[in-house]
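Heads up: the structure comes next, in structure tokens.
Protein chains: 2
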Amino acid sequence: MIIKAEPYHIQAYKYIQRALWEKKYHPGEQLTEVGLANELGISRGPIREAMRMLNQDGLLVQKGTRTFVYNPTYQDALDLYLCKERLEPLAAKLAARHIDEEGKNELSSILQKISEAVDNESSIDEITEYNTAFNDLILRYSKNDQLIQMMNLLRAKVIYMRSTLLGEIKRREVFLNEYEEIVHAILENDEDRAEQAMQKHVEVDLEILNQYFEKVTEEEK
Amino acid sequence: MIIKAEPYHIQAYKYIQRALWEKKYHPGEQLTEVGLANELGISRGPIREAMRMLNQDGLLVQKGTRTFVYNPTYQDALDLYLCKERLEPLAAKLAARHIDEEGKNELSSILQKISEAVDNESSIDEITEYNTAFNDLILRYSKNDQLIQMMNLLRAKVIYMRSTLLGEIKRREVFLNEYEEIVHAILENDEDRAEQAMQKHVEVDLEILNQYFEKVTEEEK
DNA sequence: TATCTGTTAATTGTCAACATTTCAAATAAA
DNA sequence: TTTATTTGAAATGTTGACAATTAACAGATA
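Listed below in structure tokens is the structure:
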């Protein structure tokens, strides 16, 4: 099988995005075209394009002519979660409306895996992975392309913020019954219940973030 | 006073965006770097950057190596309004929380102008303009940068869709009392009432869009 | 000492040339 | 007629060179 390499500007985009997630470049740090071009061993052209894209995504910030790594504040994190809190329940509601048999099987299977992972007291990373798959599935079955696009953008930032701001935040205990409630509602195509269950789910997330935020600002005094 | 010209890629970005809004390029039409470069009298470099940005915004769509003007479906319009319906009320709620005296004055002044415009049976365009200012003000006073960024993206698409899909749709009668309810709630810093009032406001919009959508799909049968 | 002013190094902005890929029309084969 | 294949024009991908701008610093001046 013959595969063709992706264009450099696409690869650069993915590379830099990943590097940002992994904190290879630090918040507030200046990124230069020359520097990145040298690092990746390509010319500045494709780098520029990648940087424009990241800029549009909000992961890079333009100050005058220079480009810096986005340096989110705690306020930004709260602001973002506030948006997430509105859109995730919508996704759940729509998923309950549009999910098909195959989707229901997938969803049940993920719930099963989460349940097992909790029983086995698996690693945080593994549970996070399942959680992501869970959200992805629901989003996909919302069948709302606009919502999907928005959430992808939002998620890119959430991932970034988690790795920068919220490094120390304890992943909260997994409440299996929250997942169960959401899944059952979707399986029964009960839109309103799915929406409410998801709402409750993300509300707890926001609550924990708020507490963390207050603790941090307290310490800063 | 000396002003400095913006970089070409910024100007190109704005130019193309505006051209899309104004239907200078038609949905589904292919846009080529060479064509745009010739049209604007600059080289392909800055054009590429502008196109990457528009791409990220969702106004241009990549199919393989080629770039086409986004060709939204009616489903896309509904999908987008569904998102809008969730975020606008959030903006109103937050505005009710964060608005200051100056903001209250601005808001009252806009309401006044809308009221006069309705009394005078002013042109649709004028009322639309006030409506935009109204939404902008509320968004700004939400003091949520993430929300603002999201809504800007969403709005760029809404504007585009209005000019393409919804050309024929009649702008609905302006219900002044809807505006009044929202404004009064915000002036009194009543978050929940502001949220609900805005919710009701956008629900009507979605309802009308839905009816239009059904009519169109009916005709297609 | 503080502010102004050149000077310089680093960075971004822009272009034109060249390489590669892609699509589709034209031609050949079944 | 249909199906492959060829071929070439048009488009994108990539680069290196050069221009313009910016930021920082050192020295001059008050």
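Respectively, the protein sequence lines represent chains A and B. Numbering of the first sequence is given in the numbering used here, commencing with residue 1 and proceeding in unit increments. Numbering of the second sequence is given in the numbering used here, commencing with residue 1001 and proceeding in unit increments. Glycine residues also receive a C-beta, built at the ideal position from the N, C-alpha and C atoms. Since this is a predicted model, take the numbers as computed values, not measurements.
Taking a Cβ distance cut-off of 7 Å, strictly less, list which residues of the segment 1201 to 1216 of chain B are near chain A, in chain order.
Those would be none; no residue qualifies.
A/L36 and A/V69 - do their beta-carbons sit closer together than 8 Å?
Cβ distance not < 8 Å, so A/V69 and A/L36 don't count as in contact.
How would you write the range of the beta strand (DSSP E) that B/F1134 sits in, first residue to last?
Unbroken run through B/F1134 is the alpha helix (DSSP H), 1124 to 1141; no beta strand (DSSP E).
Please list, in chain order, the residues of the segment 1018 to 1047 of chain B that have any C-beta partner in chain A closer than 8 Å.
Listed by position along the chain: G1045.
Along the chain, which unbroken stretches of the beta strand (DSSP E) at least 3 residues long are found entirely within the segment 52 to 98 of chain A?
Fully enclosed beta strand (DSSP E) runs of 3 or longer: 60 to 63, 66 to 69.
Less than 8 Å between the beta carbons of B/L1139 and B/E1106, yes or no?
Taking 8 Å as the Cβ cut-off, B/L1139 and B/E1106 do not qualify as a contacting pair.
Can you find the residues in the same chain that come closer than 8 Å, C-beta to C-beta, to B/D1145, ignoring five residues on each side of it along the sequence?
Closer than 8 Å at Cβ, skipping near neighbours: no residue.
Could you work out which residues of chain A lie near B/N1144, taking near to mean beta carbons separated by less than 8 Å?
Correct list: D79, L82, C83.
Taking C-beta pairs closer than 8 Å, name the residues in chain B that A/L147 reaches, listed in chain order.
Within 8 Å Cβ-Cβ: D1079, L1082, C1083.
Examine the Cβ distances between the segment 101 to 119 of chain A and the segment 193 to 204 of chain A and report whether three or more of them are shorter than 8 Å.
No: the two stretches stay apart, fewer than three of their Cβ pairs being nearer than 8 Å.
With a threshold of 7 Å on Cβ separation, who are the neighbours of B/A1117 within its own chain once the five nearest residues in sequence on each side are excluded?
Answer for B/A1117: E1126, I1127, Y1130, listed in chain order.
Whose Cβ in chain A lies nearer than 7 Å to the Cβ of B/G1058?
Chain A residues near B/G1058: Q149.
Compare the beta carbon distance of B/K1157 and B/H1098 with 8 Å and say whether it is the shorter of the two.
No, Cβ-Cβ distance for B/K1157 and B/H1098 is not below 8 Å.
With a cut-off of 8 Å, do at least 3 Cβ pairs link the segment 87 to 98 of chain A to the segment 38 to 54 of chain A?
With a cut-off of 8 Å, the segment 38 to 54 of chain A and the segment 87 to 98 of chain A do not count as touching, because too few Cβ pairs lie within range.
Our contact map puts B/Q1222 next to A/Q56 with C-beta atoms below 8 Å; I'd like the distance itself, whole angstroms only.
Outside the displayed span of chain B (1001 to 1221) sits residue 1222 of chain B, for which this structure offers no information.
DSSP puts A/L31 in a beta bridge; with which residues?
In the DSSP output, where bridge partners are listed per residue, A/L31 has A/T67.
Of the residues that make up the segment 1087 to 1106 of chain B, which ones have a beta carbon closer than 7 Å to any beta carbon in chain A?
Those would be L1087, L1090, in chain order.
Within its chain, find whatever has a CB closer than 6 Å to the CB of A/E121; leave out the 5 residues flanking it on each side and keep chain order.
Around A/E121: no qualifying Cβ.
Does DSSP put A/P46 in a helix, a strand or coil?
If DSSP states are grouped into helix, strand and coil, A/P46 belongs with the helices.
With C-beta atoms as the reference, is A/V204 less than 8 Å away from A/L111?
No, Cβ-Cβ distance for A/V204 and A/L111 is not below 8 Å.
What residue range is occupied by the uninterrupted alpha helix (DSSP H) comprising A/N177?
176 to 187 is the span of the alpha helix (DSSP H), which, as asked, contains A/N177.
In chain order, what residues of the same chain have a beta carbon less than 7 Å from the beta carbon of B/L1165, not counting five sequence neighbours either side?
Only P1072, Y1074, A1077 meet the Cβ criterion.
Counting only beta-carbon separations shorter than 8 Å, does B/D1076 have a partner in chain A?
Yes, B/D1076 counts as interfacial toward chain A.
Going by beta carbon distance, what residues of the same chain come within less than 8 Å of B/E1029, once the five residues before and after it are set aside?
If we look at B/E1029 and ignore the five residues flanking it on each side, its Cβ neighbours are F1068, V1069.
To the nearest angstrom, report how far apart B/H1026 and B/L1020 are at their CA atoms.
Cα-Cα distance, rounded: 7 Å.
Please classify A/N135 as buried or exposed, where buried requires at least 16 neighbouring CB atoms within 10 angstroms.
Label assigned to A/N135: buried.
Can you say whether B/F1213 is buried or exposed, counting buried as having 16 or more other CB atoms within 10 angstroms of its CB?
Buried: at least 16 other Cβ atoms inside 10 Å.
Judging by CA-CA distance, which residue of A/K63, A/G58, A/I3 is the nearest neighbour of B/L1147?
Cα-wise, what sits closest to B/L1147 is A/G58.
Near A/I159, what residues of its chain come up, given a Cβ to Cβ distance below 8 Å and the 5 sequence neighbours on each side ignored?
These residues qualify, in order along the chain: W21.
I'd like to know whether the C-beta atoms of A/A96 and A/I186 end up nearer to each other than 8 Å.
Yes.
Compute the Euclidean distance between the alpha carbons of A/E6 and B/L1082, then round it to the nearest angstrom.
If I take the Cα positions, the gap works out to 35 Å.
With a threshold of 7 Å on Cβ separation, who are the neighbours of A/V216 within its own chain once the five nearest residues in sequence on each side are excluded?
Only Y74 meet the Cβ criterion.
Under 8 Å between the Cβ atoms of A/L54 and A/I114?
Contact: no.
Applying the criterion that 16 or more other CB atoms from any shown protein chain within 10 Å of the CB defines a buried residue, is B/Q1062 buried or exposed?
The residue is exposed, with fewer than 16 neighbouring Cβ atoms inside 10 Å.
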